[in-house]
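Residue numbers (our numbering): 3 to 125.
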């Protein structure tokens, strides 16, 4: 039986990147659908060409954290990040981005335990 995916450190890193890109893309599409906003309208809101939106969502153009945040902001949406260390419970990020329908955006800073406490190492 042949295996189409050979697990190497490089392939695992690439897979992790692709999973994150896919998750971000799905979030944008979900927000667009819920808000009833087309790619063309989102591009107009961001003052960019519609082809750039299409390229970002297809993965042919790099979607940065800033461009992701800008797109979601224009859709009155936000993203909530969490850190997942293999073999442990997810730890919340220390910044939670919030957005209200009115478009007001704020950041809530929360205290997080030191990384050694999250990973289970002795303090």
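For glycine and all other residues, C-beta sits at the position ideal for the given N, C-alpha and C.
Own chain, CB closer than 6 Å to residue i, minus 5 neighbours either side, in chain order
| i | result |
| --- | --- |
| residue 27 | 59 |
| residue 7 | none |
| residue 11 | none |
Nearest-angstrom Cβ-Cβ length linking residue i and residue j, presumed shorter than 8 Å
| i | j | result |
| --- | --- | --- |
| residue 33 | residue 83 | Actually they are not in contact, since the Cβ atoms of residue 33 and residue 83 sit about 16 Å apart, beyond 8 Å. |
| residue 29 | residue 81 | 6 Å |
| residue 15 | residue 48 | Not really, about 30 Å apart at Cβ, beyond 8 Å. |
| residue 76 | residue 44 | 6 Å |
Secondary structure of residue i, DSSP reduced to three states
| i | result |
| --- | --- |
| residue 85 | strand |
| residue 79 | coil |
| residue 9 | coil |
| residue 50 | coil |
| residue 56 | helix |
| residue 27 | helix |
| residue 40 | coil |
| residue 21 | helix |
| residue 65 | coil |
Same chain, Cβ closer than 8 Å to residue i, five either side skipped, listed in chain order
| i | result |
| --- | --- |
| residue 61 | 23 and 27 |
| residue 13 | 7 |
| residue 69 | 58 |
Residues near residue i in its chain [Cβ-Cβ closer than 7 Å; skip 5 each side]
| i | result |
| --- | --- |
| residue 18 | none |
| residue 2 | The chain is shown only over 3 to 125; residue 2 falls outside these bounds and no answer can be derived. |
Do three or more CB pairs link the region 49 to 68 to the region 23 to 41 at distances below 8 Å? yes
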